[in-house]
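Let me begin by presenting the structure, written as structure tokens, before commenting on it.
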Amino acid sequence: MTETRITVESRAVAVQKGVTLMEGLVAAGLFLRSDCGGRGRCGKCLVRVSSGDAQGLSKPDEEEEKIISAEGWTTGYRLACRARVLGPISLEIPEESRLAQDVVTKGLPLLLARLGSLDTDSRRGFSGAWGVAVDLGTTTIAVYLCDLAQAAVVASTSVRNPQSVFGDDVISRLSAVRLDQSVLPRLQKMAVSAVDWAVSGLCRQVGITPQSIADIVCVGNSIMLHLFLGVDPSSIGVYPYLPSFSEARTLNAGNVGIHSHSGARLRTLPLISGYLGADIVSAALAADLSHALPGTMLVDVGTNGEIICITEEGLAATSCATGPAFEGAIIRHGMQATSGAIDAVRFMPDTGCLEYTVIQHGTGLAKRPEGICGSGVISTVAELLKAGVIRRAGNFNSACESPCLRPGENGILEMLIVPADATGAGHAITLTQADVRAVQLAKGAMRAGIELVCRENGMLRPRKILLAGAFGSTINRADALQIGMFPKMEVADIEVVGNAAGAGAVLALLQDDLFEKAGEMARATRVLDLASHKDFQKTFLDALSF
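Dropping the structure here:
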């Protein structure tokens, strides 16, 4: 693939021809907002191309034309996620299109109470040194900056994984690599650049130099770790779904392209299988699951749902393809859990419409709603179910007299959450029928996985659920039970533990002996393959209804 050059506000950047502007800018360390995951829906990655350079970009497609008005075309505005680079261009990036270091609520780890009991004397050799723990999620990358001498997390941030332009889920990215091997280094560079960007930002925030970083621990699902290390994950996509490696790895950070401190040591935790990665091992470490009561189940809810349970016979685990609906990524007006995201709603019987709350980070002026995050989507579905606006089968109830239930652009019913004149995005925020179906598929996969793990281990239901992950950090437990995401149980038996994978990465960063423990845990875990289970299809279909 040949290169061309684009100029961004006097900075020249080499970009491969044929890639989207978004991908090219990410590879150069320039990050734009991409609330919709690069699908051309949110309009947040707007850039302005200099007059006369239009021929350097592909013609706008249908998705792009829907977002940008006719006036926008005459002044050179394009969506970076849709426009492909064909030749040299010069462009400007509006400030509102730049990715701010607003912390996505993937959650500061809630399982770090053990930090206070760590022996800081044993860390004296790290005096003045810092470390980084990375949870490399399919949708969201969380990064934690740690003071190694004090055994403390001092700052954290999160960013949408820019690889989403190749697909919302890991299978899409794996397939892209299988079809074209040149995609592998591009995907690696995107993830590494995102981590680099986050680390550099955290160092500036704390007032240290990136050269102070001595150690980096990275966890993630099996495919994400393969891509991050530049290892072809194709073997995971075909039976028997084996990863190219499963052991913990240690290498120099510069070997994968990390520039913030190329001399730092980079370590990854081990994998259990092709679809049970270092993230669930890390989460189980943080929860100390090996010593929990039998029947305790850790459920990491992300784009790839992972379940691990302590049973009378030891640890048992499975994974399920929940997709990114719980993180807002494939929802029509979905966004990450940052300022401006609706995170909860309440149905008002007297008006037939919804009240809502909006996430507000910082002390500035309150932001108007701009979209809806995963917890807000589940809250909306749960409230509409209780009100009878959504039926158990998942379709909207056309007999409902709510004035906010209306035909959408395609004539199919949708629920108005916020009218256009009350939003910061300039368009109405709605819950569509497709959004409801996405939630059904995601919660059906999760529920089927939980039920089959219980069934295979002689349990009627989990004794206790530890709810982790990006979505698990903000979910309302009663809402999750209302939509049937979990078996019938008491709300008190579900404990929200935040980003457990991130917590485990932090603990491993600070305690070297946890790498050995992680290896023992990974080797001892019994894996349940849902794809080949004789009861999966029926269990999944039964779990789709609310």
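Heads up, the sequence shown is in the working numbering, so the first residue is 2 and it goes up one at a time.
Just so you know, even glycine gets a beta-carbon here, dropped at the ideal spot from N, CA and C.
Taking just the CA atoms, how far does I495 sit from G503?
20 Å
DSSP-derived helix/strand/coil call for A367:
coil
Only counting the same chain, and skipping five residues up and downstream in sequence, which positions put a Cβ closer than 7 Å to that of E356?
V346, R347 and M349
Quick one: what does DSSP say V104 is sitting in, helix, strand or coil?
Annotation note: pLDDT 43 at V104 (below 50); position unreliable, coordinate value reported separately. V104: coil per DSSP, three-state reduction.
May I ask you to report which of helix, strand or coil DSSP gives C455?
helix
Give me, in chain order, the residues of the same chain whose beta-carbon lies closer than 7 Å to that of L180; leave out the 5 immediate sequence neighbours on both sides.
none
Does the Cβ of R42 have 16 or more other Cβ atoms within 10 Å, making it buried, or fewer, making it exposed?
buried
Between which residues of its own chain and M490 is the CB-CB distance below 8 Å, once the five residues before and five after are set aside?
R462, P463, I466 and L482
So, is E452 buried or exposed, given that buried needs 16 or more other C-beta atoms within 10 angstroms?
buried
The alpha helix (DSSP H) that contains Q538, what's its start and end?
F537 to D543
Cβ-based neighbour list, S11, same chain, cut-off 7 Å, excluding 5 preceding and 5 following:
none
With L272 and L252 assumed to form a contact (beta carbons below 8 Å), what rounded beta-carbon distance in angstroms separates them?
At roughly 16 Å, the Cβ-Cβ gap does not stay under 8 Å, so L272 and L252 are not in contact.
Tell me, which residues are paired with D54 by DSSP?
Looking at the DSSP assignment, D54 forms no beta bridge with any residue, so it has no partner.
Have a look at V50 and A199 and give me their C-alpha separation to the nearest angstrom.
27 Å
Inter-stretch contact at 8 Å, needing at least 3 Cβ pairs: the segment 239-254 / the segment 299-313:
no
Where are the beta strand (DSSP E) runs, 3 residues long or more, that stay fully inside the segment 129-164, in chain order?
131-137, 141-148 and 153-161
For I343, the three-state DSSP class (helix, strand or coil):
strand
For T540, which residues from the same chain have a beta carbon less than 7 Å from its beta carbon, with the 5 sequence-adjacent residues on both sides left out?
A449, E452 and L453
Between which residues of its own chain and A388 is the CB-CB distance below 6 Å, once the five residues before and five after are set aside?
F348
When you compare the CB positions of A284 and L270, do they come within less than 7 Å of one another, or not?
no
By the DSSP assignment, the alpha helix (DSSP H) with A24 in it spans what residues?
The amino acid occupying residue 24 in the given sequence is Glu; Ala does not appear at that position. First-last of the alpha helix (DSSP H) with E24: L22 to A28.
Which of helix, strand or coil does DSSP assign to S220?
The question names Ser, but residue 220 is Val in the sequence shown. Correct three-state label for V220: strand.
If you scan the segment 369-437 from start to end, which runs of the beta strand (DSSP E) of 3 or more residues do you find wholly inside it?
406-408, 414-419 and 430-433
What is the DSSP secondary structure of L482, reduced to helix, strand or coil?
helix
Indicate whether R527 and A254 have their beta-carbon atoms separated by less than 7 Å.
no
Since C204 is in the beta strand (DSSP E), which residue starts that stretch and which ends it?
From DSSP, C204 is part of no beta strand (DSSP E) but of the alpha helix (DSSP H) over V184 to V207.
The beta strand (DSSP E) enclosing D301, as first and last residue numbers:
T297 to D301
Secondary structure of N477, DSSP reduced to three states
coil
Applying the criterion that 16 or more other CB atoms from any shown protein chain within 10 Å of the CB defines a buried residue, is G44 buried or exposed?
buried
Is the separation between the beta-carbon of Q189 and that of G231 shorter than 7 Å?
yes
Residue range of the beta strand (DSSP E) that I69 falls in?
I69 -> no beta strand (DSSP E), and no H or E assigned at all.
Beta-carbon proximity of Y145 to V498, cut-off 7 Å:
no
Using only CA atoms, which one of L26, A29, K535 and E307 lies nearest to T139?
E307
Can you tell me whether I495 is helix, strand or coil according to DSSP?
strand
For T431, tell me which candidate among D422, A443, G409 and A287 has the shortest Cα-Cα distance.
G409
C-alpha gap between A83 and A429, whole angstroms
Before going further, note that residue 83 is Arg rather than Ala in the sequence given. Between R83 and A429, the C-alpha separation is close to 22 Å.
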